[in-house]
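Comments concern the structure below.
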Amino acid sequence: MSSTPPQGSEIKVDTLNGHQHILVPHGKGGAMRYFIGLFLLFWMGGWFMGFTSAFSQISSGDGGAFLVFWLGGWSVGGLFAGYMIYRVFEKSIPEQLLLNRPSLSLDTGVPPLKIDFGMRSQKKYWKSMFPKRKRIEFLPSELKTMKLRETDSGNRLTIDKGAERVEIAIGATEIEREWLFSFLQRNYS
């Protein structure tokens, strides 16, 4: 198997500080997120008008307890909408693997926000809304647990880190994961 990714792949292999460095893009995230982003930008205009109107009533002494309560909820909604706008237009950071033998370093990067109305798991949805960028160092003993697992939805490339099963190349295609698995096996066996 070649050290060159499959034809048509967006995976990049280069060197960083004298070590092989692999960049695995997360994908585009879909066009639907931009429509939602535009909707939220227009919605924020209405939010701002509602906020300034309620705030001016409260500060002039005309607002009651309900308006204070409403403004608190409205503020939380505005913060969440602002964060959603940030996530929609945030640039994706690719997953990175650094083959610094005998270890392997993984930087999970930041995937783009994917709007999927068919998402069945609320937990997966919230994880995609608030992604955590992780940097993981796999030791030689942990690299022995590297497997290409076949599932109903396709293959998964995983390495066990203690009690956690870390999935690698999430944004890659099945063929790219198969290539990456062979490439890593050659370099770490």
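So the number in the working numbering is just where the residue sits in the sequence shown, counting from 1, plus 50.
Just so it is clear, CB atoms sit at the ideal spot from N, CA and C, and this is done for glycine as well.
| Query | Result |
| --- | --- |
| Rounded straight-line distance, which links the Cα of Phe-101 to that of Val-126 | 11 Å |
| Residue span of the beta strand (DSSP E) that contains Ser-155, given as start and end | 154 to 157 |
| Within 7 Å, strictly: CB atoms of Ile-225 and Pro-56 | yes |
| Three or more C-beta pairs below 8 Å linking the stretch 80 to 93 and the stretch 222 to 236 | no |
| Inter-stretch contact at 8 Å, needing at least 3 Cβ pairs: the stretch 184 to 191 / the stretch 107 to 114 | no |
| Residues sharing a beta bridge with Phe-188, DSSP | Leu-154 |
| Given Ser-153 as reference, the closest of Gly-96, Ala-131, Asn-237 and Val-63 once Cα atoms are compared | Asn-237 |
| Sheet register partners of Asn-205 (DSSP bridge) | Glu-200 |
| Beta bridge counterpart(s) of Asp-112 as assigned by DSSP | None, per the DSSP bridge assignment. |
| Cβ neighbour criterion (16 or more within 10 Å) applied to Leu-129 | exposed |
| Ala-29 and Met-94 closer than 7 Å at C-beta | Outside the displayed span of the chain (51 to 239) sits residue 29, for which this structure offers no information. |
| 7 Å Cβ shell around Gly-87 - same chain, five flanking residues per side excluded | Ile-135, Val-138 and Phe-139 |
| Burial state of Thr-54 (16 or more Cβ within 10 Å) | exposed |
| Continuous beta strand (DSSP E) stretch holding Lys-62: start and end | 62 to 66 |
| DSSP-derived helix/strand/coil call for Lys-174 | helix |
| From Lys-182, Asp-202, Gly-58 and Lys-211, residue whose alpha carbon lies closest to that of Thr-195 | Lys-211 |
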